[in-house]
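Have a look at the structure below before the remarks.
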Amino acid sequence: MRKVHQFTRYGCIGLGLLTSFGVRAGETIEYVAEHLLEAPINAQSLSYPLVPLNDRAAEPRLQLGYSSFRGEKLKVGVPMLGVSYFAPVSARWGLLASAFYDKYRISGDKGATTGGVRLIDMTELPKRFDAVVTDVRGSGRYAGASVSLALLSDSTWTWQFGMATAVLDVERFDVDFDTVSLATNLSATFDYRSRYRINTVFARAELKSRNLIGDIEYRPHLMIAVRFPRVAFDERVYGAGFDHRSDVRFSGTHIPDEFIGLGVSLESRRSGISVDLGATLYMYAFEPVFHKGISTPLFVTLSVPLGSTARRSIGRHPQQVDTGILR
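By the count of this note's numbering, the sequence shown reaches residue 542 at its end, each step adding exactly one.
Shown next, in the form of structure tokens:
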């Protein structure tokens, strides 16, 4: 119980320190729209598979998750589905591969924006003005695959070095609004529909699992991800008598961003089912810092072993099993 109390206490202290950074209000619609598309990509990166507790046996897994984010009357909910496979190559190396599919469901609330609207290169309207959102609708998908090489170790850390490639297909993302601060007010629509190729190079450090309570193991992990190509956010605005698409030379928004992620996975040795409570807390505390204007982020992820590996190392610590095999 002492370990549980320490784990809870440190988690609460860390969450309190992180949330003390706060969220800066007043971001304009197009910045929030871009961040709303990027935030679920961070959640997906944290869902990339970890090396199994028993890293001497092949293991397929099913990844389930859900993330949601909101800001400036906009919101997105993203069911997440993935499969992964780990294969030991030698006593020191393993191979991890995954495929994933995330479905974007974009909606919003009616009402006045706090940050207004910014249009840098459109002569028909001021660069920045106040607006009232009247409707939000959209959908999209983020689908791809990852592969990584894992450096297995009997010491404290296990390492992953890998790459992922995916496509963010924004099938529809329309924001209807009415201007309220112009001499002659009008109704218009933002159209953020586009398609982005997103490649990721990442490194991950995983602390060897430790017993928390009963058959529950906990395992902290840290990820650094660099994404490319970084391109201007595609933005179109149209209304009665005008139809304008922003010039990429003047666009101040880009997609995608780099990412540093932290999680703490909790896994049952008996069933092999794991949840990443650390990633949930990390996204809640840090996503509003990484992406200004995002509030109340929610991210949950569940990993379930498949096939004959679903019940492994019953009644024994996985590190003891590994040691026996290596002998």
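The beta-carbon is built from N, C-alpha and C at its ideal position, and this holds for glycine as well.
C-beta contact flag for residue i and residue j at 8 Å
| i | j | result |
| --- | --- | --- |
| F405 | D389 | yes |
| Y407 | I470 | no |
| R276 | L367 | no |
| S480 | R434 | yes |
| P264 | S313 | yes |
| T329 | F392 | no |
| D270 | P303 | yes |
| S396 | F344 | yes |
| T373 | E421 | yes |
| G326 | S402 | no |
| S518 | Q278 | yes |
| L289 | V247 | yes |
| V382 | S409 | no |
| L311 | V266 | yes |
| L261 | M438 | yes |
| D491 | G508 | no |
DSSP-derived helix/strand/coil call for residue i
| i | result |
| --- | --- |
| A379 | strand |
| V238 | Note that V238 scores a pLDDT of 35, beneath 50, so its modelled location is shaky and nothing firm can be said. |
| G522 | helix |
| A500 | helix |
| G174 | Outside the shown range of the chain (216 to 542) lies residue 174, about which nothing can therefore be said. |
| E249 | helix |
| N426 | strand |
| P275 | strand |
| S260 | helix |
| P546 | With the chain represented from 216 up to 542, any question about residue 546 goes unanswered, as that position is not in the structure. |
| I455 | In the sequence as displayed, the identity of residue 455 is Ala instead of Ile. Three-state result, A455: coil. |
| F301 | strand |
| I244 | helix |
| A447 | strand |
| P294 | strand |
| R224 | Residue placement at R224 is flagged as unreliable, the pLDDT there being 41, under the threshold of 50; the coordinate-derived value follows with that caveat. Helix at R224. |
Same chain, Cβ closer than 7 Å to residue i, neighbours up to 5 away in sequence not counted
| i | result |
| --- | --- |
| F236 | Below a pLDDT of 50, predicted positions are generally treated as unreliable, and F236, at 34, falls in that range; the measurement from the model is reported next regardless. Cβ within range, chain order: V504. |
| T511 | R285 |
| H506 | H250, E253, A254 |
| L340 | L334 |
| V515 | G280, Y281, T495 |
| F376 | S363, L364, A418 |
| G522 | P275 |
| S354 | Y319, R320, I321, E386, R387 |
| Q259 | M295, F315, D317, Y357 |
| T371 | L422, K423 |
| R239 | Here the model assigns R239 a pLDDT of 39, short of 50, so the residue's position is not dependable and the matter cannot be decided. |
Start-to-end residues for the beta strand (DSSP E) that takes in residue i
| i | result |
| --- | --- |
| V620 | In the structure as shown, the chain starts at 216 and stops at 542, and residue 620 therefore has no counterpart that could be examined. |
| G331 | Careful: G331 lies outside any beta strand (DSSP E) and carries neither H nor E. |
| A346 | 346-366 |
| A403 | 402-406 |
| R442 | 431-443 |
| R320 | 308-323 |
| G487 | Per DSSP, G487 belongs to no beta strand (DSSP E) and is neither H nor E. |
Close Cβ partners of residue i (< 6 Å) along its chain, the five nearest in sequence each way excluded
| i | result |
| --- | --- |
| E473 | V441 |
| N257 | F474 |
| R460 | R451 |
| G539 | Low local confidence applies: a pLDDT of 37 at G539 is under 50, so the model's placement there is unreliable, with the coordinate-based value given in what follows. Nothing listed; no residue qualifies. |
| S283 | G292, L513 |
| Q221 | Annotation note: pLDDT 44 at Q221 (below 50); position unreliable, no value reported. |
| R445 | H469 |
| A398 | none |
Closer than 8 Å to chain B by CB, residue i
| i | result |
| --- | --- |
| I321 | Judged by its chain identifiers, the structure shown contains no chain B, having just a single protein chain. |
Cβ neighbours of residue i in the same chain (closer than 8 Å, five flanking residues each side left out)
| i | result |
| --- | --- |
| M378 | S361, V362, S363, N414, T415, V416, F417 |
| request: Determine contact between the segment 341-360 and the segment 316-324, defined as no fewer than three beta-carbon pairs at a distance below 8 Å. | output: yes
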